[in-house]
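Asker: Here the sequence shown stands for residues 47 to 316, where the numbers follow our numbering. For every residue, glycine included, the Cβ atom is placed at its ideal position computed from N, Cα and C. Once you've had a glance at the structure underneath, I'll fire off some questions.
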Amino acid sequence: MRWKRFLIAFILMLIIIFPLVNVLLTSFKPSNEIFQVKYQFIPSKFTFQWYQEVFVRTPITKNIFNSFIVAIGTMFVNLIVVTTAAFGLSRYTFPFKNTLSKMVIFTYMFPSILLVLPLYLIIGKMGLINKYPGLGIAHLTFTIPYGIWLLKGYMDTIPKSIDECATIDGAGPVRIFLQIIAPLAGPGIASVMTYTLISSWNEYLYASVIMSGQLKTLPVKISEFIMETSEIRWGTVMAAACIALLPVTIIFQFLQKDFIKGLTAGSVKG
Numbered sequence: 047m048r049w050k051r052f053l054i055a056f057i058l059m060l061i062i063i064f065p066l067v068n069v070l071l072t073s074f075k076p077s078n079e080i081f082q083v084k085y086q087f088i089p090s091k092f093t094f095q096w097y098q099e100v101f102v103r104t105p106i107t108k109n110i111f112n113s114f115i116v117a118i119g120t121m122f123v124n125l126i127v128v129t130t131a132a133f134g135l136s137r138y139t140f141p142f143k144n145t146l147s148k149m150v151i152f153t154y155m156f157p158s159i160l161l162v163l164p165l166y167l168i169i170g171k172m173g174l175i176n177k178y179p180g181l182g183i184a185h186l187t188f189t190i191p192y193g194i195w196l197l198k199g200y201m202d203t204i205p206k207s208i209d210e211c212a213t214i215d216g217a218g219p220v221r222i223f224l225q226i227i228a229p230l231a232g233p234g235i236a237s238v239m240t241y242t243l244i245s246s247w248n249e250y251l252y253a254s255v256i257m258s259g260q261l262k263t264l265p266v267k268i269s270e271f272i273m274e275t276s277e278i279r280w281g282t283v284m285a286a287a288c289i290a291l292l293p294v295t296i297i298f299q300f301l302q303k304d305f306i307k308g309l310t311a312g313s314v315k316g
């Protein structure tokens, strides 16, 4: 029975990993091997011509910088809002608390496409179209609700008796939050940070509507490689995709244990 489970897990792993490996190998293939009728998984000759094209002929350095600024800014603002809101919802009792908690996750359930026009009009009224804060606000609309739900679930697993003991010792709410609850909720906070960074870095829909010109993010630039010419240069697309995947992979490798721990703890008492 155990070998069957292992076989199923191995097959699922191959299904997930194969497309990623294919993208990586295709980014090193010469053009004649990419477009040949007979499929060739491993390149006969590795080439860096597509990476040279990405950085020299159609430079994406500015687009990488744009995505980095938006993702980091969104993460910091999201972290402040989510940690304080989750702390309040988890540790205190007040009228309509349960209703408010349900409304938070309910807002996350709306498809992003429904919010594009309202958000565009609001951000336009604020004068933030084609500006980093404008796109950051759009990203916060889906990272904050999920982050609050996730972190509240994690904080609910921390015994409230800890708060009571700290209060008896003279600690106020701010001290309890900063010195006790926040450190104990470290894995949950790491999960929120990881989710926010990856979601903001990969987001395409809002970025394609709000940003333009030199302020386009990396996902938008990659889509242009596909749409701007009649002949798609798949080598360029794959090379750019590998570059986009690199930061996400590095971040997840460093934070994966806390990320998984935060998700599982939140799912138990969320």
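Would you check if the region 199-218 and the region 144-158 touch, i.e. whether three or more CB-CB distances between them fall below 8 Å?
Answerer: The answer is no - the region 199-218 does not touch the region 144-158, with fewer than three Cβ pairs under 8 Å.
Asker: Counting along the chain, where does the alpha helix (DSSP H) carrying Q98 start and finish?
Answerer: Run containing Q98: 95-98, per the alpha helix (DSSP H) assignment.
Asker: Judging by CA-CA distance, which residue of T189, M201, N68, H185 is the nearest neighbour of Y138?
Answerer: Nearest C-alpha to Y138: M201.
Asker: Tell me, to the nearest whole angstrom, how far the beta carbon of F101 is from that of T93; I am working on the premise that it is less than 8 Å.
Answerer: That pair is no contact at about 14 Å.
Asker: Can you grab the Cα-Cα spacing for the pair L174 / M257, in whole Å?
Answerer: Rounded to whole angstroms, L174 to M257 spans 10 Å at the Cα level.
Asker: Excluding the 5 residues preceding and the 5 following L230 in the sequence, name in chain order all residues of the same chain whose CB lies nearer than 6 Å to its CB.
Answerer: These residues qualify, in order along the chain: I204.
Asker: If you draw a straight line from the alpha carbon of I208 to that of V123, how long is it in whole angstroms?
Answerer: Spanning the two alpha carbons is a distance of roughly 28 Å.
Asker: With respect to the alpha helix (DSSP H) encompassing R51, which residues constitute its N-terminal and C-terminal limits?
Answerer: It spans 48-72 - the alpha helix (DSSP H) in which R51 sits, taken as one unbroken run.
Asker: Measuring only the C-alpha atoms, how far is M402 from G234?
Answerer: The requested residue 402 is not part of the displayed model; the chain covers only 47 to 316.
Asker: Quick check on W195: buried or exposed, where buried means 16 or more other Cβ atoms within 10 Å of its Cβ?
Answerer: W195 should be labelled buried.
Asker: Taking its Cβ as the centre, do 16 or more other Cβ atoms sit within 10 Å of K75, making it buried, or is it exposed?
Answerer: When all chains shown are included, K75 counts as buried.
Asker: Among S246, F114, T242, W247, whose alpha-carbon lies nearest the alpha-carbon of G193?
Answerer: Closest by alpha carbon: T242.
Asker: Label K240 either buried or exposed according to how many other C-beta atoms from any shown protein chain fall within 10 Å of its C-beta, with 16 as the threshold for buried.
Answerer: Reading off the sequence, residue 240 comes out as Thr, not Lys. The residue is buried, with at least 16 neighbouring Cβ atoms inside 10 Å.
Asker: Going by DSSP in three states, P205 sits in which element: helix, strand or coil?
Answerer: In the structure shown, P205 sits in coil (DSSP, three-state: anything other than H, G, I, E or B).
Asker: I think A287 touches V69, with their Cβ atoms under 8 Å apart; what is that distance to the nearest whole Å?
Answerer: Indeed, because the Cβ distance is near 5 Å, the residues count as touching under 8 Å.
Asker: Just the Cα atoms here: how many angstroms apart are L161 and V255?
Answerer: Answer to the nearest angstrom: the Cα atoms are 12 Å apart.
Asker: Give me the residue from R48, Q98, R51, L53 with the minimum Cα distance to M284.
Answerer: When each option's Cα is compared against that of M284, the closest is Q98.
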